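Visitor: Structure below; questions to follow.
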Amino acid sequence: MKKLTEKFAKISVILAVMLIPIFSLTEFSINAPKSQNTNYFKDLQQYPHLNFTERQKFYLNGTHENNGFHAQVARIYLGLPINETIIRNTLEDVNNFEDTSDFDVNAYLRMLYFDNVTHILSSELKMDLKQTVLDFKYWFTEPNSDNMIFWTENHMILFHTAELLAGQLYPNETFTNSNMTGIEHVNHAIPLINRWIGWRAQFGFSEWHSNIYFTLDLIALMNLVEFSKDESISTKAMMLVDLIAFDFANNFYHSIYATTHGRTEDSRQVGTSIDSPASRESPSESAWVLLGIGKHNINDGNNRGAISIAASEKYVPPPILEDIAEFAATNNEHKERSSLNLADGPTYGLGYTSEDDLMFWWPMSAPASSPIIDASVRLMEEYDIKTKLIFNDAMFLDLLNIGGTIHGTTLSEFCEKLKIVTQGTCLESVSTYTYRTPYYQLSGAQDYHKGMAGLQEHIWQASLDETAIVYTNSPGGVSPQEFTGGWKPRATLHENVGIFQYDRLATSLIGEIVFLYLEFKPYTHAYFPQWAFDSVEQHGKWTFGSKNDSYIALYSHEKTHWESDIELKSFGKKNAYIVELANVEDYATFDAFIEEILDAEVKVNQLAVGFDIVYDSPSQGIITVAWDGPMTSNGSEVDLGPFPRFDNDFCYQIFGTNTTLIEFESQTLELDFENATRTYSIS
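Residue numbers for the sequence shown follow our numbering, beginning at 55 and rising by one.
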């Protein structure tokens, strides 16, 4: 109640100020991969001998005594007794159509399909689950009010998958909320699933490298693999799982998904002490079961993504993917492009007005962008969708309407004026870059949405191991997170060096008021957890850290202070940071690294927006970059994108095409989404 009161108080102030201007596919079988010595990192030597099938069994063994909700799915699959109370405790929210109910309905359906074989569920619980499935609301076009978000990328495939599997399971039953039969639901779901899979195949995931939502994509896809009666859908779902596994192989480092993320949250990125590190990323167990990379926690028997893979009898990752993960573990340079710019929609047959158009743009968090906003409002009114479910804040649309009225513009025109917010949160086309050595990994979103507001993005990260991690951020905005989202920098990376400029264009009074309402913070800061390093030192504008044989240096143009032992803060919205990584092979000692960096010349000239920066890197030579224009290293222009769909030693794919060809040594994997064929071969 207090928070709501504060919101109304803030709105009152904003409205008062806003009044001022007025008065002034062919399926095939891949054999289980050979047992491989997956020497990914030292901490995995406890299970170096396990192949995929053995990792499946190993993971499932950890579910036997686990009382978590998702572990009950595995126990039904294994024919073991379950904790019915744990399952029943989830039913009320689902029956009330609360948000994230689609997560649980997918689990219910997996339980019901498995139970048709193992017969573990009591007749009472099975009947209750069936009734919940029959009563559920599977799409926003169905009647009755709800509190569910249907249209983020992960929610969308979860709802479509649930609808298909429910319809298949009860083909002749009438579903009470829609008054449709199961067969009608199947016929409704199939084109929507094919549409979603087609978008991912052609454009990748707009929620790029998400260390919270890829797990949810996986549980939907694995349900399709395992239970879809449409063989084309099942095969294409397998192929998307292959692509996620390929992503993991190229971006996992020291047991963590050590990359830029399109959507994440503080709990996954911030650790306050050795006893309270960042929460394990949900895809970690999935990556371990799939490829043997990362680290398996024997106490984590309730991971829904890992369970969906471990309890699969139809999916086997092609051996090439595990071989690539092993080969690339110590050295890799990976470029990837995901998602689509709003302006490029018509090139691919996408408009901005129809319901089908919006189902492409809404999952990218674009409902308030100027080309989309009018259609968003029409669809919201047509289906009586709650404003907060679309715009994240119930008052945000009111604020936009009032601003447009005061300035004498249409809603769309006013959203264009506030483009750095209304389009800033849109997960448009991103070129992600990951550079890995045995000692560190640097990853970032190259030159992405500079000076625009974010939602849950994590733009860059330098990792020395699973806890010695450094990144910068300018917090605030739509998301309540302190270390993710916020204002996005101009991020420019080249191998072991990154330069990050924080600034934004000045805007109108109403724009600044909107920023105030959205609680953007007047500072930038770095996450630099002293507890995770062997040594941390500060010298002038540089902060240095060492961990084992790896070194990092972080430069801040503006003055910084330690806000806490994990946070280095600099007041003001404008700043420039430089990061450089090195190792014991480059410098015999940490002191030698510090000395070399301190001798390096740094020139930072402030521009009206951003900076003009010249950095004489000890490892790369003279690097130049400004707010606009290229980044150069020793006179050569650095590739800032847009990248191909994939560009690394194993795959080169033109963006927007539907066939991925992955090659390693004598192995090839061709994923042809146009023809729904998945072909693995050894020459």
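For each residue, glycine too, the CB sits at the ideal point set by N, CA and C.
Predicted model, so just to flag it, every value in this text is computed and none were measured.
Should Ser610 and Glu634 be called a contact, given that it needs their Cβ atoms to be closer than 8 Å?
Guide: Here residue 610 is taken as the residue at index 556 of the sequence shown, counted from 1. Here residue 634 is taken as the residue at index 580 of the sequence shown, counted from 1. No.
Visitor: Note down, one range per segment and in chain order, each beta strand (DSSP E) of at least 3 residues found wholly within the region 534–569.
Guide: Whole beta strand (DSSP E) segments, 3+ residues: 544–548, 551–556.
Visitor: If you compare alpha carbons, which of Asp354, His512, Leu563, Gly540 is closest to Gly458?
Guide: The residue given as residue 458 occupies position 404 in the sequence shown. Ranking the options by Cα distance to Gly458, first place goes to Leu563.
Visitor: For Thr722 and Glu280, what's the separation of their Cα atoms in angstroms?
Guide: To locate residue 722, count along the sequence shown from 1; it is residue 668. To locate residue 280, count along the sequence shown from 1; it is residue 226. When rounded, the distance between both Cα atoms is 24 Å.
Visitor: Assign Lys349 to buried or exposed, taking buried as 16 or more other Cβ atoms, counted over all protein chains shown, within 10 Å of its Cβ.
Guide: On the sequence shown, position 295 is the one that residue 349 refers to. Label assigned to Lys349: buried.
Visitor: Tell me the DSSP bridge mates of Lys657?
Guide: Here residue 657 corresponds to residue number 603 of the sequence shown, with the count starting at 1. Answer is Val668.
Visitor: Between Leu394 and Phe157, what straight-line distance do the alpha-carbon atoms span, to the nearest angstrom?
Guide: Here residue 394 corresponds to residue number 340 of the sequence shown, with the count starting at 1. Here residue 157 corresponds to residue number 103 of the sequence shown, with the count starting at 1. Whole-angstrom Cα-Cα distance: 26 Å.
Visitor: Would you tell me roughly how many angstroms separate the C-alpha atoms of Asp354 and Gly116, rounded to the nearest one?
Guide: For the purposes of this step, residue 354 is taken as the residue at position 300 of the sequence shown. For the purposes of this step, residue 116 is taken as the residue at position 62 of the sequence shown. The alpha-carbon atoms of Asp354 and Gly116 are separated by roughly 7 Å.
Visitor: Roughly how many angstroms separate the alpha carbons of Leu275 and Glu511, rounded to a whole number?
Guide: For the purposes of this step, residue 275 is taken as the residue at position 221 of the sequence shown. For the purposes of this step, residue 511 is taken as the residue at position 457 of the sequence shown. Those two C-alpha atoms are separated by around 24 Å.
Visitor: Is it right to say Met292 is buried, meaning 16 or more other beta carbons lie within 10 angstroms of its own, or is it exposed?
Guide: Counted from its first residue, the sequence shown places residue 292 at position 238. Buried, since its Cβ has 16 or more Cβ neighbours within 10 Å.
Visitor: Would you check if the distance between the CB atom of Tyr556 and the CB atom of Pro543 is smaller than 8 Å?
Guide: To locate residue 556, count along the sequence shown from 1; it is residue 502. To locate residue 543, count along the sequence shown from 1; it is residue 489. Yes, the Cβ-Cβ distance between Tyr556 and Pro543 is below 8 Å.
Visitor: Would Leu278 and Thr195 be called neighbours here (beta carbons separated by less than 8 Å)?
Guide: Position 224 of the sequence shown, counted from the start, is the residue given in the question as residue 278. Position 141 of the sequence shown, counted from the start, is the residue given in the question as residue 195. Contact flag unset, no.
Visitor: Have a look at Leu179, Ser618, Leu163 and flag the residue whose alpha-carbon is nearest the alpha-carbon of Tyr224.
Guide: Position 170 of the sequence shown, counted from the first residue, corresponds to residue 224. Among Leu179, Ser618, Leu163, the Cα nearest to that of Tyr224 is on Leu163.
Visitor: What did DSSP end up calling Asp701 once you bin it into helix, strand or coil?
Guide: Numbered from its first residue, the sequence shown carries residue 701 at position 647. It is a strand residue.
Visitor: Would you identify the three-state DSSP class for Glu649, choosing helix, strand or coil?
Guide: Locating residue 649 in the sequence shown gives position 595, where the first residue counts as 1. Helix at Glu649.
Visitor: Beta-carbon separation of Phe718 and Phe300 under 8 Å?
Guide: Here residue 718 refers to the residue found at position 664 when the sequence shown is read from its first residue. Here residue 300 refers to the residue found at position 246 when the sequence shown is read from its first residue. Result no, Cβ atoms of Phe718 and Phe300 do not sit closer than 8 Å.
Visitor: DSSP on Ile310, reduced to helix/strand/coil?
Guide: Here residue 310 corresponds to residue number 256 of the sequence shown, with the count starting at 1. The answer is strand: DSSP assigns Ile310 an E or B state.
Visitor: Specify whether the region 569–579 and the region 619–630 touch according to this definition: at least 3 beta carbon pairs, one from each stretch, less than 8 Å apart.
Guide: Cβ pair count under 8 Å is three or more, so yes.
Visitor: For the pair the region 391–411 and the region 481–490, tell me if three or more CB-CB distances fall below 8 Å.
Guide: Touching, yes, given that three or more Cβ pairs across the two stretches are closer than 8 Å.
Visitor: Under a Cβ-count criterion, where at least 16 other Cβ atoms within 10 Å of its own Cβ denotes burial, should Ile606 be classed as buried or exposed?
Guide: By 1-based counting over the sequence shown, the position of residue 606 is 552. Buried: at least 16 other Cβ atoms inside 10 Å.
Visitor: Tell me the DSSP secondary structure of Asp682 in three-state form.
Guide: The sequence position of residue 682 within the sequence shown is 628, counting from 1. Reduced to three states, the DSSP call for Asp682 is coil.
Visitor: Secondary structure at Thr733, three-state DSSP: helix, strand or coil?
Guide: Here residue 733 corresponds to residue number 679 of the sequence shown, with the count starting at 1. Three-state result, Thr733: strand.
Visitor: Hey, would you say Ser340 sits closer than 8 Å to Gly359, going by beta carbons?
Guide: Walking along the sequence shown from the start, residue 340 turns up at place 286. Walking along the sequence shown from the start, residue 359 turns up at place 305. A contact, by the Cβ cut-off of 8 Å.
Visitor: Within 10 angstroms of its Cβ, does Lys504 collect 16 or more other Cβ (buried), or is it exposed?
Guide: Indexing the sequence shown from 1 puts residue 504 at position 450. By the 10 Å Cβ count, Lys504 comes out buried.
Visitor: Going by C-alpha distance, which of Phe302, Thr144, Glu650 is nearest Phe598?
Guide: Translated into positions along the sequence shown, residue 598 becomes position 544. Looking at the Cα atoms, Glu650 is the closest of the given residues.
Visitor: Please give me, in chain order, every unbroken run of the alpha helix (DSSP H) with length at least 4 that falls completely inside the region 464–493.
Guide: Here the runs fully enclosed are 465–471, 473–476.
Visitor: Under 8 Å, Cβ to Cβ, is there at least one residue of chain B near Leu166?
Guide: In the structure shown, chain B cannot be found, because there is only a single protein chain.
Visitor: Could you check what DSSP says for Gln510 in three-state terms: helix, strand or coil?
Guide: As a first step, residue 510 is located in the sequence shown; it is residue number 456 there, counting from the start. Correct three-state label for Gln510: coil.
Visitor: Hey, Ser517 and Ala312 are a contact pair by Cβ (cut 8 Å); roughly how many whole angstroms apart?
Guide: The sequence position of residue 517 within the sequence shown is 463, counting from 1. The sequence position of residue 312 within the sequence shown is 258, counting from 1. With a Cβ gap of about 4 Å, Ser517 and Ala312 count as contacting.
Visitor: What would DSSP say about Lys440, mapped onto helix, strand or coil?
Guide: Here residue 440 corresponds to residue number 386 of the sequence shown, with the count starting at 1. Of the three classes helix, strand and coil, the one that applies to Lys440 here is coil, per DSSP.
Visitor: Could you check if Ile352 is buried or exposed, using at least 16 other CB atoms within 10 Å of its CB as the buried criterion?
Guide: Taking the first residue of the sequence shown as position 1, residue 352 is located at position 298. Exposed is the call here.
Visitor: In this structure, does DSSP put Phe718 in helix, strand or coil?
Guide: Position 664 of the sequence shown holds residue 718. DSSP places Phe718 in strand when its eight states are reduced to three.
Visitor: Taking all protein chains shown into account, decide if Lys613 is buried (16 or more other Cβ within 10 angstroms of its Cβ) or exposed.
Guide: Along the sequence shown, one-based indexing puts residue 613 at 559. With fewer than 16 other Cβ atoms within 10 Å, it is exposed.
Visitor: When you compare only the Cα positions, how much space is there between Asn550 and Thr678?
Guide: Taking the sequence shown and counting its residues from 1, the one referred to as residue 550 is at position 496. Taking the sequence shown and counting its residues from 1, the one referred to as residue 678 is at position 624. Straight-line Cα distance between these residues: approximately 15 Å.
Visitor: For Ala646, which residues from the same chain have a beta carbon less than 6 Å from its beta carbon, with the 5 sequence-adjacent residues on both sides left out?
Guide: The residue given as residue 646 occupies position 592 in the sequence shown. Nothing meets the Cβ criterion.
Visitor: Would DSSP call Leu404 helix, strand or coil?
Guide: As a working mapping, residue 404 is identified with position 350 in the sequence shown. In this structure, Leu404 counts as coil in the three-state DSSP scheme.
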